[in-house]
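Trainee:
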Amino acid sequence: MAIRRLNHAVLYVRDTSRSVAFYTEVLGFRVVHQFPGAAFLQAPDSDNDHDLGLFQVGPDAKPSGAGRDTVGLYHLAWSVTTLKDLAEHADRLREAGALVGASDHVTTKALYAKDPDGIEFEVSWLVPLDRVTDAMKQASGTGPLDLDAEIERWGGDLVGAL
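If you want this note's numbering, it's the position in the sequence shown, counting the first as 1, plus 1410.
(1) What does the alpha-carbon distance come out to for the pair Asp1567 and Val1490?
(2) Using DSSP's beta-bridge definition, name the partner residues of Lys1547.
(3) The alpha helix (DSSP H) that contains His1515, what's its start and end?
(4) What number of angstroms, rounded off, separates the C-alpha of Tyr1522 from the C-alpha of Glu1532?
(5) Between the beta-carbon of Gln1444 and the beta-carbon of Val1467, is there less than 9 Å?
(6) Among the candidates Gly1528, Val1516, Asp1495 and Thr1518, whose CA atom is the shortest distance from the CA of Leu1509?
(7) Between which two residues does the beta strand (DSSP E) holding Ser1427 run?
(8) Ala1453 to His1460, Cα distance in whole Å?
(9) Pull up the distance between the alpha-carbon of Ala1512 and that of Ala1520, whole angstroms please.
(10) Residue ranges of each beta strand (DSSP E) run of no fewer than 3 residues wholly in the stretch 1416-1496, ordered along the chain?
(11) Pull up the distance between the alpha-carbon of Ala1559 and that of Leu1496, whole angstroms please.
(12) What number of angstroms, rounded off, separates the C-alpha of Arg1424 from the C-alpha of Pro1469?
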């Protein structure tokens, strides 16, 4: 008995329309189902029925206390196919004022951002498994991400691990 992957996530948001606009315009998701107060979105290259559900709770909803004074989810992570894709996401997230960090986790190159409700998420590229060395497996720690250097090292079109 094994879990294969995360199929979808559901988020409570203050304003469904605002969140739909963010996820479609900035990350390229598309709406597959929508009704008042709820929307279901699919990632651009996904074959899931939906990857993200959004449920409106209203403008007076307090921010999540997860990680500060309550337990809860820290972030969701979506992967991209190439480092070129990751660079394009970095530009779009930066333009939207949503990018809050970028990290090199040795085998994972990650962008961190927040949606309009302050919900954090990650967009990442994973080094292909056949390129991961023993030294990379043993390396620990996180450093700043130099996306241009990573593109120079791996190439912009190398397909990352799934």
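By construction, the Cβ of each residue, glycine as well, lies at the ideal position given by its N, Cα and C atoms.
As the structure is a prediction and not an experimental result, all values here were calculated from the model.
Mentor: Walking through what the data contain:
(1) Here residue 1567 refers to the residue found at position 157 when the sequence shown is read from its first residue. Here residue 1490 refers to the residue found at position 80 when the sequence shown is read from its first residue. So the two alpha carbons sit approximately 11 Å from each other.
(2) Translated into positions along the sequence shown, residue 1547 becomes position 137. None, per the DSSP bridge assignment.
(3) Translated into positions along the sequence shown, residue 1515 becomes position 105. Segment: none, His1515 is in no alpha helix (DSSP H) and carries neither H nor E.
(4) On the sequence shown, residue 1522 is found 112 positions in, with the first residue counted as 1. On the sequence shown, residue 1532 is found 122 positions in, with the first residue counted as 1. Their Cα atoms are separated by approximately 5 Å.
(5) For the purposes of this step, residue 1444 is taken as residue 34 along the sequence shown, with counting starting at 1. For the purposes of this step, residue 1467 is taken as residue 57 along the sequence shown, with counting starting at 1. Cβ atoms of Gln1444 and Val1467: not closer than 9 Å.
(6) Start at 1 with the first residue of the sequence shown, and residue 1509 comes out as number 99. Taking only the C-alpha atoms, the option nearest Leu1509 is Gly1528.
(7) For the purposes of this step, residue 1427 is identified with residue 17 of the sequence shown, where counting begins at 1. Ser1427 -> not in any beta strand (DSSP E); alpha helix (DSSP H) instead, spanning Thr1426 to Glu1435.
(8) Position 43 of the sequence shown, counted from the first residue, corresponds to residue 1453. Position 50 of the sequence shown, counted from the first residue, corresponds to residue 1460. Going by the C-alpha atoms only, they are around 8 Å apart.
(9) Here residue 1512 corresponds to residue number 102 of the sequence shown, with the count starting at 1. Here residue 1520 corresponds to residue number 110 of the sequence shown, with the count starting at 1. Between Ala1512 and Ala1520, the C-alpha separation is close to 6 Å.
(10) Assignment of beta strand (DSSP E) within the stretch 1416-1496, counting only whole runs of 3 or more residues, yields 1419-1423, 1440-1445, 1448-1452, 1462-1466 and 1486-1489 in chain order.
(11) Here residue 1559 corresponds to residue number 149 of the sequence shown, with the count starting at 1. Here residue 1496 corresponds to residue number 86 of the sequence shown, with the count starting at 1. For the pair Ala1559 and Leu1496, the Cα-to-Cα distance works out to about 13 Å.
(12) For the purposes of this step, residue 1424 is identified with residue 14 of the sequence shown, where counting begins at 1. For the purposes of this step, residue 1469 is identified with residue 59 of the sequence shown, where counting begins at 1. Cα to Cα, Arg1424 sits roughly 5 Å from Pro1469.
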